[in-house]
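Peer 1:
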Amino acid sequence: MSSQAVVVVAAALVLLAVCWWPTSTGSPQALLVGSLLMARRHSFPVGPVVATLLVGTGFLAGLVLVGVATALATMVLTGTSVGAMAVQARSRRSLGEADELAQLTNGLANQALVAPTVVEAVRQSAPLVTGRVGAAARLMADECETGGLIEAANRFSTTVRRPIAEMLATVLAEAFRGGSQWVGLAGVLAEEATEAAETARHFHRYVAALMPQVAVTVAMAAGMLALTGFAAKDVGRWLLSPVGQQLLLLMAVFTAVICARVLVPAWRLSR
């Protein structure tokens, strides 16, 4: 049972290292208090390739060291932990784009009061925004001068794929058609974008920031089970038996189902 215990504990430590990816302060104490103070960390970018590698590694480790049932259980638990970290990464990205949209719409609302044309308002406000939204806004500003405002705004909405971006495209289209109320609409849009950014910030602070605790709990539970099997030889032999492996798989599935009741709604809300 020693080899299994070493692998499971090592996997748990890897998951902990990923969850507590260096904080903004870089303090070593974060490893000890990170499960309680999760609000201000840089998220690890858990992409599909990284997620697949982590889940596949868990499955192969369980298959080589124990058997198929344990491999499936390890895969389920690793997938649950990766899903929790992915929710936090998705929420941080959503928060960043919400802030960028708020900056863009506020800049547009200010320019609407002084710019002589709608195209000029877009051209002046787009460079003020950074990130993916900023890049799409600058492209929209360039396309406004060459291909038309309505088409450029629609492409911006398609690229960003957020409700505020769709509202922005509608407001710009109304302004281009000569709508007399577009200045007021731009102000309302800026207020909506600011509120959406605040909602995303609230979600990330109180929900997404707690997601690594799910990964930590699952990893530590697996590590404690492995250490128990290593310390008590009779428990280790029973865990290696077919009945023990089936029970481990059942417990893994049950844990994943419980976590999914939190992770699935959080994933949907963090888009």
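Numbering (this note's numbering), first residue to last: 258 to 528.
A virtual CB, placed ideally from N, CA and C, is assigned to each residue, including glycine.
(1) Start and end of the alpha helix (DSSP H) containing residue 403?
(2) DSSP state of residue 382, grouped into three classes?
(3) Cβ atoms of residue 505 and residue 531: under 8 Å apart, would you say?
(4) The alpha helix (DSSP H) that contains residue 510, what's its start and end?
(5) Which value, in whole angstroms, describes the spacing of the CA atoms of residue 356 and residue 333?
(6) Can at least three beta-carbon pairs, one atom from the segment 457-477 and one from the segment 432-443, be found at a separation below 8 Å?
(7) Please state whether DSSP places residue 464 in a helix, a strand or coil.
(8) From the DSSP output, in three-state form, read off residue 494 for me.
(9) Note down, in chain order, each residue of its chain lying with its Cβ closer than 7 Å to the Cβ of residue 390, except the 5 sequence neighbours on either side.
(10) Quick check: the segment 361-376 against the segment 443-457, are at least 3 beta-carbon pairs closer than 8 Å?
(11) On the three-state DSSP scale, how would you describe residue 319?
(12) Given a cut-off of 8 Å, decide if residue 348 and residue 460 are closer than it, judged by their beta-carbon atoms.
(13) Assign residue 489 to one of two classes, buried (16 or more other C-beta atoms within 10 Å of its C-beta) or exposed (fewer than that).
Peer 2: The answer reads as follows:
(1) Reading the sequence shown from its first residue, position 146 is the one you call residue 403. Here the alpha helix (DSSP H) through residue 403 covers 388-403.
(2) Position 125 of the sequence shown holds residue 382. Residue state, collapsed to three classes: helix.
(3) With the chain represented from 258 up to 528, any question about residue 531 goes unanswered, as that position is not in the structure.
(4) For this step, residue 510 is matched to residue 253 along the sequence shown. Element bounds for residue 510: 499-526.
(5) Looking up residue 356 in the sequence shown gives position 99. Looking up residue 333 in the sequence shown gives position 76. Cα to Cα, the separation comes out at about 35 Å.
(6) no
(7) On the sequence shown, position 207 is the one that residue 464 refers to. In this structure, residue 464 counts as coil in the three-state DSSP scheme.
(8) Counting from one through the sequence shown, the residue named residue 494 turns up at place 237. Helix.
(9) Position 133 of the sequence shown, counting from 1, holds the residue named residue 390. Sequence-distant Cβ neighbours of residue 390 in its own chain, meaning closer than 7 Å and more than five residues away, are 354, 357, 358, 361 and 417.
(10) yes
(11) As a position in the sequence shown, residue 319 is number 62, starting the count at 1. Helix, per DSSP.
(12) Locating residue 460 in the sequence shown gives position 203, where the first residue counts as 1. Locating residue 348 in the sequence shown gives position 91, where the first residue counts as 1. Yes, the Cβ-Cβ distance between residue 460 and residue 348 is below 8 Å.
(13) Walking along the sequence shown from the start, residue 489 turns up at place 232. Label assigned to residue 489: exposed.
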